[in-house]
Each structure stands twice: as structure tokens, then as C-alpha cells.
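Reviewing the structure listed below.
Numbering (this note's numbering), first residue to last: 3 to 196.
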């Protein structure tokens, strides 16, 4: 099965409410979908969500890189992922987000062609459920505490709390979240990575 077409689609999703992280405030999630089509018409999809200020490349950059990579991978064997990765490295060694989107799309294509879920291609299921973290941005400590309580009420038991550096406000943000919802959060579940 050969790769016949690869395209990148920029998707802009308005957020329900603004999100404030360590790199600023946003009201829009910009993502890139990689869409690969094989010579038999089957297709696969991949996706990346580069975060401004955190990711080394923007969504526009990922879209452009995937478009450039299309010229390199069309015609390749969709089942030879190692050769595909090596070919992409020749043109975009440092642009991991773009290569990841393409690799995901190709693995999705393989799974669809074989009639198996991608986890089978990657060695099998490790867990039956995947837990999700609540996300609390770089907001005032009192607001962070209110958000922690709201997330807990929605059933979340873990949270990633943005500290935004080792400042008194960042430490107070985590402390207030812990005090407000100490009964519900699992021990050791907050990430203090900025």
C-alpha cells in the first residue's frame, strides 16, 4: 500500500472560555490535522496541537512542514514506518510536531487497512482506561481554588496546575487548590512543571 496523498489542515477551535497559561491568554486552539490517503483510497488521520510559547513550532509552521514533507513521502510504502521517519528526518529533523502528525496518520491508515486498532500495531493495550487531568492555568490563587473545586465536582481526580515559575503567587495557587479540594485529589497528582 503506497501513500498517494498527504495534506495538512489547519483547524481553529474557539474555546468555551479564555485560558491563561504561562505564555499568555488564548481564546482559540489552533491544531493541525494530517490526512494521508493510500493508493487504494483508504485514509488515516493524525493531529498535533502546538502551543505558542511552549512548542518550538507554530501551527502555521507545522502545516507548512507537513506540506513540504508530502513531496518527500508520496509514493512510499505506508507499512514501512522506519523508512518514512528516516525520509522525513532528511528534510525536517528538528520539526517533531509535524513528523508526529504524519506518523500518527500513517499508523491510523495501517490500522484501518488491517482492521485493527493502532494500539495493536504498537504492541497492545496497556490499560483499559486512560485518566484525564483537569487543567488550571496561571490565574489568581483564589480563581485557581474555585476552578479546582469545579473540576472536582465534574469528577476529575487529578490536575495540572500552572505554577508559572517559583513565585509566591505560583506556590499560593497550588496551595489553595490543595486546601480547597484536599479531600478529592489523589495524592501526588498535581504537576508543578511550569
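No residue lacks a Cβ here, since even glycine has one placed at the ideal position from N, Cα and C.
- [ ] Can you give me the Cβ contacts of residue 189 inside the same chain, cut-off strictly under 6 Å, excluding the 5 residues immediately before and after it?
- [x] Legend: pLDDT at residue 189 = 45, less than 50; position of this residue unreliable, value from coordinates given subsequently. Cβ within range, chain order: n/a, list empty.
- [ ] For residue 20, name the three-state secondary structure that DSSP assigns.
- [x] Strand at residue 20.
TODO: Mind checking who residue 153 pairs with in its DSSP beta bridge?
DONE: In DSSP, residue 153 forms no bridge with anything.
Task: DSSP beta-bridge partners of residue 37 - done: Under DSSP, the beta-bridge partners assigned to residue 37 are 9 and 47.
TODO: Just the C-alpha distance for residue 155 and residue 20, rounded to the nearest angstrom, thanks.
DONE: Taking the straight line joining both Cα atoms gives about 20 Å.
Task: For residue 27 and residue 176, the rounded distance between their alpha carbons - done: Looking at the two C-alpha atoms, the distance is approximately 19 Å.
TODO: Could you check what DSSP says for residue 113 in three-state terms: helix, strand or coil?
DONE: Taken through DSSP and simplified to helix, strand or coil, residue 113 comes out as helix.
TODO: Would you kindly check if the distance between the Cβ of residue 68 and the Cβ of residue 10 is under 8 Å?
DONE: Pairing residue 10 with residue 68 gives a Cβ-Cβ distance under 8 Å.
Open item on the list: Measuring alpha carbon to alpha carbon, tell me which residue in 53, 83, 172 and 178 is nearest residue 4.
Closed with: When only C-alpha atoms are compared, the closest one is 83.
Open item on the list: Are the CB atoms of residue 109 and residue 86 within a distance shorter than 8 Å?
Closed with: No, the Cβ-Cβ distance between residue 86 and residue 109 is not below 8 Å.
TODO: Taking all protein chains shown into account, decide if residue 185 is buried (16 or more other Cβ within 10 angstroms of its Cβ) or exposed.
DONE: Low per-residue confidence applies at residue 185: pLDDT is 47, beneath 50, and the placement is therefore not dependable, though the value from the model is reported in the following sentence. When all chains shown are included, residue 185 counts as exposed.
Task: Euclidean distance between Cα positions of residue 42 and residue 158 - done: So the alpha carbons of these two residues sit roughly 43 Å apart.
Task: Euclidean distance between Cα positions of residue 119 and residue 101 - done: A direct Cα-Cα distance of roughly 21 Å separates residue 119 from residue 101.
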